[in-house]
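Residue numbers (our numbering), protein chains in the order written: chain R, 1 to 377; chain H, 1001 to 1331.
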Amino acid sequence: MGGVEKQRCIIDFTLSSLLRRKGKNGALLVVYTLVVFLLASVMLFTQAIRKEAAAVLADAPELVVQRIVAGRHDLIPLDYMGKIGAIRGVRAVSGRLWGYYYDPLFGANYTLVVPEEQAGGLGEIAVGQGVARSSMASEGNIMPFHTHDGRLVSLTVARVLPASTELVSSDLILLTAEDFRMLFGVPAGVATDLVVAVANPAEVPTIAAKIARLLPDTRPIARSEILRTYDAAFSWRSGILLAILAGALLAFLIFAWDKATGLSAEERREIGILKAVGWETGDVLAMKFWEGSVISLSAFLAGVVLAYLHVFVAAAPLFEPVLKGWSVLYPRFRLTPSLDFAQLAVLFFLVVVPYAVATIVPAWRAATVDPDAVMRG
Amino acid sequence: MILHPAIIALLTGSLLTSAMLLFASFFAVRIIRHWNLTSGSELQVSLERRTYLIATVMASAFAFQLLSLFLFIHTADTLCTLFSGAMCAAGTLNLNRYGYPALLLKLANFILSGLWLVVNHADNRGYDYPLIRVKYRLLLVITPLVLAETAVQGLHFLALRPHVITSCCGSLFGAAQRGIAPTLALLPVVPLLAALAVAIVLTLACGGCLLLKGRGEYLFASCAALTFALGCVALVSAIPVYVYALPAHHCPFCMLHREYGHVGYLFYLTLLGGGVVGLGVGALQPFRGIASLSAELPLIQRRLTLTALILYGTFGGLALWQVMVSELRLG
């Protein structure tokens, strides 16, 4: 019999023997699938959200300049714009006004931003889907705000931002500069931070260094730094979650070890008979190898498919709060599906390799039983 | 240390492999000292049983080892976004002094593990465990190297600090640096490619001769080794220049990126695979005289030769294709 034909026969035998012990193997398969599902969900989710963040930040300004007072972010005088604009390579400088507002009524934090182009008239605001949901506001309604000096003012919702922008605009309120200054008491002549447009992106680090030298009380932040920080933060979060799940993985491995070690009398007799009718130790080991492969492959595929559905169809309800953030206003959005070979390889190393290691010794013990010892009982 | 899933996976895999090899080495010493096939003692029977376990453990450990090389390179490549100044794996590996030693150890272990699997495969064909001492001695050589690899890789990952300014491939493999890699990068491109082409043609010719006449195993293995060495040099010197169409860019890692169609993985896979099976033909030759293997060894060697020819042929074809379609013209 040729090598391939022989292995085919062994696989055939293995499959029928697996089916004969449905209960025991089924339980193992379910637990195995669950472990793969958990780990794969974490990885797919963080990968997708990292890509989403990168896509969102692609339109962010090249360079942002903040003023730092006593180590804290402070309002920046608009006359800094002239000094920065004089640096060679800077195309444009503009001030931004933005801030956070805590709404005690709904227990939510809003992000208030003054858009570059005037969005609406005085006293009018545009709100994101999350804000509209939580405050039950629709177009034409008014929303009450407490100003910095305790007065109550009402702004009219002129527009609800479209749902397609929800990932970035869920907790957003757009308003005019005048309303913003009135609400927070920000005097004229200062802004929250400055946005610098640079003609050649390769010059960003040099210009950032020049700004830091020219205006020592400022902190220039490049877009690439923000991206890098997001990358590190998401990797770190998924790593922490994986480390926590390591406990579950360990429990699964002990379970798999136990299942593989506890050969039933019937299984021992079966292997004994196989060896008595001429199977070699190597053949029994091959059978055990195929058994492990069938279980691993089935669990791996099922776990990854379930994780894919969980993350990209159901929007990851299990991990969302840990991996995304702690905001009250969660954006509702569907992640762009992405799955690459490297993720599968990582998953393979995290689950299948430890499983294989845990089952080698029990498989060998099973394969080296003496036929006469088994049959004599 | 960065708690990236791939890093956790690599560290877990390496620790498990090291533990398996240590376990196997312990029994390898016993087998080397006490193995006596003519004896029917209890010790011998237990050793004969153990050898199945060790062979399975080793086969799994080395299979993981082969996979982990590619995962390591890919991880280094993915992590580069976390470090300012790094644009590909070259930058990540250069962040501390353990990066490149870890890669070199992984490469060496890849080749040795592959050779061990070849010897093990041949040994399983003989009924009287003909190569048992040879393969367990080889195991004792590999184990310290794998342990060193685990340690160096762990140190590399532990010492990774995001936001460290690192020099990337542009300066690392550029003309202004000193060291082995930059020196290799300075080799003249066209003569090197010509030498590689000659070596590949020689290997293919010797392989063809070996397949047809069943002679010249050592010659074929030497040619395969020469092609492997020249291929490695060309991968940090001549081939990247054509892949990127930039005469001064010699980085062997940027070609792993999507914009170059991940062609780097194909280069690495075919060259390393060809190297292992090509050297495997020579490694088995000293055992041709063993009676229990006299029928099987030539068959195994033929299969290895054929695989090496396919892999090196693909490598050569791929390099030729890159040179042909590149917008760069030299010499």
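Beta carbons are placed, not taken as given, at the ideal position from N, Cα and C, and that holds for glycine.
Just so you know, these numbers come straight off a predicted model, no measurement behind them.
If you draw a straight line from the C-alpha of residue i to the C-alpha of residue j, how long is it?
i                 : j                 : result
Val352 (chain R)  : Leu39 (chain R)   : 12 Å
Tyr1312 (chain H) : Thr1270 (chain H) : 6 Å
Leu15 (chain R)   : Glu291 (chain R)  : 7 Å
Leu19 (chain R)   : Cys1223 (chain H) : 51 Å
Ala1151 (chain H) : Tyr1098 (chain H) : 10 Å
Leu274 (chain R)  : Val31 (chain R)   : 30 Å
Leu161 (chain R)  : Leu105 (chain R)  : 22 Å
Glu1327 (chain H) : Val1189 (chain H) : 15 Å
Val1325 (chain H) : Phe255 (chain R)  : 55 Å
Ala132 (chain R)  : Ser138 (chain R)  : 6 Å
Leu175 (chain R)  : Pro77 (chain R)   : 21 Å
Arg67 (chain R)   : Leu97 (chain R)   : 13 Å
Tyr80 (chain R)   : Pro201 (chain R)  : 22 Å
Arg1329 (chain H) : His1250 (chain H) : 16 Å
Arg1049 (chain H) : Thr368 (chain R)  : 7 Å
Ala1205 (chain H) : Val277 (chain R)  : 48 Å
Val1057 (chain H) : Thr359 (chain R)  : 10 Å
Pro354 (chain R)  : Ala243 (chain R)  : 15 Å
Ser395 (chain R)  : Val114 (chain R)  : Given that chain R is displayed from residue 1 to residue 377, the structure contains no residue 395 (chain R) and the question cannot be resolved.
By the 10 Å Cβ neighbour count, where 16 or more other Cβ atoms means buried, how is residue i classified, buried or exposed?
i                 : result
Phe341 (chain R)  : exposed
Ile1165 (chain H) : Unreliable positioning characterises Ile1165 (chain H) in this predicted model, as indicated by a pLDDT of 49, which lies under 50. The coordinate reading is nonetheless provided below. Looking at its Cβ environment, which holds fewer than 16 other Cβ atoms inside 10 Å, Ile1165 (chain H) is exposed.
Phe289 (chain R)  : buried
Arg1258 (chain H) : exposed
His1034 (chain H) : exposed
Arg1161 (chain H) : exposed
Ser164 (chain R)  : exposed
Pro317 (chain R)  : exposed
Tyr100 (chain R)  : exposed
Cys1088 (chain H) : buried
Asp59 (chain R)   : exposed
Leu1103 (chain H) : buried
Between residue i and chain R, is the shortest Cβ-Cβ distance under 8 Å, so that the two count as touching?
i                 : result
Tyr1244 (chain H) : no
Ser1060 (chain H) : yes
Met1020 (chain H) : yes
Gly1174 (chain H) : Note that Gly1174 (chain H) scores a pLDDT of 48, beneath 50, so its modelled location is shaky and nothing firm can be said.
Phe1026 (chain H) : no
Leu1071 (chain H) : yes
Gly1013 (chain H) : yes
Pro1005 (chain H) : yes
Ile1008 (chain H) : yes
Going along the chain, which residues of its own chain have a beta-carbon closer than 8 Å to the beta-carbon of residue i, five neighbours each way excluded?
i                 : result
Ile1142 (chain H) : Leu1021, Asn1109, Leu1112, Ser1113, Trp1116
Leu1010 (chain H) : Ser1068, Leu1071, Phe1072, Thr1075, Gln1153, Phe1157
Leu1192 (chain H) : Leu1230, Val1233, Ala1234, Ser1237, Ala1238
Within the same chain, show all residues whose beta-carbon is closer than 7 Å to that of residue i, passing over the 5 residues directly before and after it, in chain order.
i                 : result
Gly1273 (chain H) : Leu1311
Thr1314 (chain H) : Thr1270
So with Cβ pairs under 8 Å, would you call residue i a contact of chain B?
i                 : result
Ile1300 (chain H) : Among the chains of the structure shown, chain B does not appear; the protein chains present are R and H.
8 Å is my cut-off, CB to CB: does residue i come that close to chain H?
i                : result
Thr206 (chain R) : no
Leu175 (chain R) : no
Trp236 (chain R) : yes
Ala366 (chain R) : no
Ala202 (chain R) : no
Arg228 (chain R) : yes
Pro354 (chain R) : yes
Ala276 (chain R) : no
Val401 (chain R) : The question about residue 401 (chain R) has no answer, for chain R in this structure spans 1 to 377.
Val346 (chain R) : yes
Leu350 (chain R) : yes
Leu15 (chain R)  : no
Val198 (chain R) : no
Met287 (chain R) : no
Asp217 (chain R) : no
Residues in the same chain with beta-carbon distance under 6 Å from residue i, minus the five sequence neighbours each way, listed in chain order, please.
i                 : result
Arg376 (chain R)  : none
Ser1007 (chain H) : It should be noted that the sequence gives Ile, not Ser, for residue 1007 (chain H). Excluding sequence neighbours, Ile1007 (chain H) sits near Phe1157.
Asp12 (chain R)   : none
His148 (chain R)  : Phe184, Gly185
Val1263 (chain H) : Met1255
Glu124 (chain R)  : Thr156, Ala158
| request: Entirely within the segment 1084 to 1121 of chain H and at least 4 residues each: give me those alpha helix (DSSP H) ranges in chain order. | output: The segment 1084 to 1121 of chain H contains these whole alpha helix (DSSP H) runs: 1089 to 1093.
Whole alpha helix (DSSP H) elements within the segment 16 to 89 of chain R, 4-residue minimum:
22 to 57, 80 to 85
List in chain order: all unbroken alpha helix (DSSP H) runs of 4+ residues lying wholly within the segment 1258 to 1285 of chain H.
Runs found: 1263 to 1284.
Report the start-end ranges of each alpha helix (DSSP H) in the segment 102 to 189 of chain R that is 4 residues or longer and not cut off at the edges. 129 to 135, 166 to 169, 177 to 184
* Residue ranges of each alpha helix (DSSP H) run of no fewer than 4 residues wholly in the segment 262 to 347 of chain R, ordered along the chain? -> 265 to 276, 281 to 308, 320 to 324, 341 to 347
Exercise for the section: Pick out the complete beta strand (DSSP E) segments inside the segment 216 to 266 of chain R, 3 residues or longer, and give them in chain order. Expected result: 218 to 222
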